[in-house]
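Notes follow once the structure below has been shown.
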Amino acid sequence: MSFSMLGAANADTVKIGVNQPLTGPIAASGNYVLEGAKIAADEINAAGGVNGNKIELVVEDNKGNPTESANVTEKLIVRDKVPVILGAWGSTLTLAAMPKLMEYKVPMVVETSSSVKITKSGNPYVFRIAPTSAIEADNFVEMIEPLGIKKADMLVVNNDWGRGAAAEFRRVLEANGVEVGKELIMDAAAQDMTSQLSELKGTDADTLFVTTAVEQLTLLLKQAQSLGMDRQIITTGGSQNPDQLIDHAGSAAEGSKHLLFFTPWVPEEAANPEMAKAFIAEWEKRGLNKAGLTESFRGYDGIKTIAAALKKVEGEPTAEKITKALWEVELPGLNGNIKFRKDGGDGAKASAQYDANTYLVEIKDGKVVMVQ
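Just so we're aligned: 188 in our numbering is position 192 of the sequence shown, and the numbers increase by one with no gaps anywhere.
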């Protein structure tokens, strides 16, 4: 790869690639992440940019398709000459993009994907600011006893994210005396989960763990209600948008609990409360859907992380320099104070992981409340 291909577009602009699902079944989440990224970029540019350079987001739609994710990653690097990327929402989408990062030696800040495979694959160009399913499950341990969980079933989307979450939560639950019963899967595009729910209704589990995107979860909750399913439902993965569930699932969402990584309803509980309040205010000022706040913060933190690395780069911001600089960043984020540690080994192929915060909320009386 030539120097110019991996450098900035010109002397006063630095391109940042954005690889997100902007159409397709998970488009709402991808677009929310993009809006958060735009807020961060606008803030940075309004303050003069980074080292005198404005940042430019070069956006590509992976359509929620792994092949498209790989293709747009290559397009961003080769055609658009971006030296760094934000992406790619889903774990399967990120895993599909990763060989291209390795091939072209371009770093990607992973803002959402939680599969442990992402940072265990020996790819030194992966910098993840989202918690892995393992981190999320480990953080959940302190909630097991207060929630009275004795036996649990699982229903997860049939992809790297869902299967990985099931494995990690099974590990933690069983290690803490919880019996894990049935573990069922559902296709990401499925709209009828009554077969799985009917099978689960017949078990004696007190809790059902669910991992899927908010669009499918909305349908699932309605179907569980219509079947008269009466047990504690807890979702994992941080992509549930409780406000959206309240709006679209109504009473079917009542009592459901959700593991999240940002709590816009109580910004004072955030790691950096004033930053959280300012972000929420800007989101509202732009007239954006409040349901997107539990996703959009990822794009915001991702672009801020990239900008912090760019600030440390002297001269032309090449992919090689940005990769090195990302290891040196320390900055306040909406989900905590971002600093990377090595994951997947200590060698040259180690990926970067940040130990993000997790929170549990419940939909109660049509409102979102923190579970203490």
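Positions of the beta carbon are idealized from the N, C-alpha and C atoms, including for glycine.
Coil, strand or helix - residue i by DSSP
i	result
residue 189	coil
residue 135	helix
residue 63	helix
residue 253	strand
residue 258	coil
residue 347	strand
residue 384	The displayed coordinates of the chain run from -3 to 368. Any statement about residue 384 would go beyond what the structure contains.
residue 174	coil
residue 333	strand
residue 9	strand
residue 317	helix
residue 297	helix
residue -3	Note on residue -3: pLDDT 31, under 50, position unreliable in the model; no value is reported.
residue 4	Any reading at residue 4 must be qualified, since the residue scores a pLDDT of 38, below 50, and its modelled position is unreliable; no value is offered.
residue 121	coil
residue 203	strand
residue 22	coil
residue 95	helix
residue 303	helix
residue 220	helix
Per-residue burial, residue i [other beta carbons within 10 Å of its own, 16 or more giving buried]
i	result
residue 182	buried
residue 366	exposed
residue 253	buried
residue 172	exposed
residue 120	buried
residue 260	buried
residue 269	exposed
residue 294	buried
residue 305	buried
residue 194	exposed
residue 238	buried
residue 156	buried
residue 25	buried
residue 63	exposed
residue 142	exposed
residue 138	exposed
residue 362	exposed
residue 43	exposed
residue 185	exposed
Close beta carbons around residue i, own chain, < 6 Å, minus the five adjacent residues each side
i	result
residue 164	129, 130, 133
residue 116	340
residue 41	50
residue 158	152, 207
residue 329	297
residue 303	40, 46
residue 57	18, 19
CA nearest to the CA of residue i, picked from the options
i	options	result
residue 73	86, 89, 93	93
residue 216	242, 202, 248, 226	248
residue 337	107, 331, 330, 325	325
residue 39	355, 57, 299, 171	299
residue 354	328, 221, 136	136
residue 271	333, 210, 212, 305	333
residue 345	151, 180, 114, 16	114
residue 104	117, 149, 327, 84	84
residue 61	17, 203, 154, 238	17
residue 231	203, 222, 243, 224	203
residue 352	108, 67, 44	108
residue 98	111, 87, 81, 86	81
residue 277	57, 32, 186	32
residue 189	162, 220, 161, 160	220
residue 175	195, 185, 201	201
residue 148	122, 178, 155	178
residue 199	225, 241, 212	225
residue 146	168, 160, 161, 154	168
residue 255	196, 364, 311	364
Beta carbon of residue i nearer than 8 Å to that of residue j
i	j	result
residue 51	residue 296	no
residue 19	residue 59	yes
residue 290	residue 79	no
residue 319	residue 125	no
residue 187	residue 210	no
residue 240	residue 287	yes
residue 250	residue 359	yes
residue 348	residue 123	yes
Close beta carbons around residue i, own chain, < 7 Å, minus the five adjacent residues each side
i	result
residue 218	245, 248
residue 49	4, 8, 9, 10
residue 292	28, 29, 31, 32, 279
residue 192	151, 180, 182
residue 323	336, 348
residue 242	249, 359, 362
heavy atom of the ligand MG below 7 Å from residue i C-beta
i	result
residue 81	With respect to the ligand MG, the structure offers nothing, as it holds no ligand at all.
Beta-carbon contacts of residue i that lie in its chain and below 8 Å, excluding the five residues immediately before and after
i	result
residue 66	92, 93, 95, 96
residue 23	17, 60
residue 54	11, 12, 13, 14, 72, 76, 78
residue 112	128, 129, 130, 160, 164
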